[in-house]
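Residue numbers (the working numbering): 30 to 372.
Presented below is the structure to which this report refers.
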Ligand code: WQD
């Protein structure tokens, strides 16, 4: 069975390609390489031992998307493609609304057009959403019925796409839709051949710490140590990208196996502070991670972690990797690829 992955050459997408091959599916990568690199396809071939078909283009090109869907006839689509930098979304909201919401509309319209030609099929879609749709939750852990909100255009775009999917599914019960709300994806495939490769200065903690460890940055700025958390630094639910990829396979299998849509958190159910991550990375890398306490980052919440119970009940999925494994796998990727895919 073919599965089409929009943004499949990206960080989460590439790891999901490997997990799908391991599960016996035939992933097809659709990407314009706006935020990823063609060499990822070669790395995926090295890992899986087989070529990974590529459809090169932009999800905003609806006629081209229809052509891809007609030719590939995927059993399901996983929609990763989109922009994901919170800070950039504040500076460039139109880019985020256009690429993320416009891209989703384009994909959904292409899927609807092709479905009309084969009404006996059930359009099947997994959407890459984010815990950022919970805004600043009042308590922990977070369950899927928590109120949603947005604190930046990136999170707003994810929330709007979720609402589009819910409205579409209500109007088209034949569609099968899985919404996956990621918490904090980190780590890399144990081969060290694929991993997170942010452009420019990393916004996120783990890639920044990794670049300090490899000598690309001289210290980490810890954004605030006066939060109401055990050590005063921000607490997040870091989840290994391998667990996240496995969650996508479980979601695809659940959607193809029965006609019910769902929205689930993909997290570990436990939080770790910034300083816990720093210490874990020092253990994993054997390198010191110098840091300075800096002012709080606007928009940050003190703590955020998931109740992953629904994903276990619905998908039979749970995260299994520890923070130490997340750091060890990140370190293997970073030390083997100091400049990411550009090296
Ligand atoms: C984690 C913690 C920071 C960098 C964001 C998006 C979310 C998802 C993941 C896309 C916080 C602290 C960070 C640094 C630091 N992205 N930190 N120094 O903000 O929880 O989530 O990325 O899907 O949607 O909102 O992740 O890694 O940026 O921050 O002290 O240089 O690390 O304050 O407590 P965040 P993060």
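We put the CB at the ideal spot given by N, CA and C, even for glycine.
- In the three-state scheme derived from DSSP, where H, G and I count as helix and E and B as strand, residue 243 is classed as coil.
- In the structure shown, residue 113 falls within a coil segment according to DSSP collapsed to helix, strand and coil.
- Taking C-beta atoms as the reference points, residue 224 and residue 366 count as a pair closer than 8 angstroms.
- Nearest to residue 130 by C-alpha distance, out of 363, 146, 112, 68, is 112.
- Take the alpha-carbon of residue 104 and the one of residue 157: they are about 17 angstroms apart.
- With respect to the 8 angstroms criterion, residue 264 and residue 323 are not classified as neighbours on the basis of their beta carbons.
- Within the DSSP bridge table, the entry for residue 82 names no partner.
- The continuous beta strand (DSSP E) containing residue 58 extends over residues 55–60.
- The three-state reading of DSSP puts residue 318 in coil, since its state is none of H, G, I, E or B.
- Rounded to whole angstroms, the Cβ separation of residue 203 and residue 139 is 16 angstroms, and the two are not in contact under 8 angstroms.
- Closer than 7 angstroms to some heavy atom of the ligand WQD: that does not describe the Cβ of residue 356.
- Assignment of beta-bridge partners to residue 31 by DSSP yields 55.
- By the Cβ test, the stretch 353–367 is not in contact with the stretch 179–193, since fewer than three Cβ pairs between them sit closer than 8 angstroms.
- Shown here for residue 82: same chain residues with a beta carbon closer than 6 angstroms to its own, the five before and five after excluded, namely 57 in chain order.
- In this structure residue 88 is in contact with residue 110, their Cβ atoms being roughly 5 angstroms apart against a cut-off of 8 angstroms.
- Taken in chain order, the unbroken stretches of alpha helix (DSSP H) that lie wholly in the stretch 119–189 and span 4 residues or more are 122–125, 132–146.
- If the five residues before and after residue 69 are omitted, its C-beta is found closer than 6 angstroms to the C-beta atoms of 38, 43, all from its own chain and listed in chain order.
- Going by DSSP, residue 270 is part of the alpha helix (DSSP H) stretching over 270–286.
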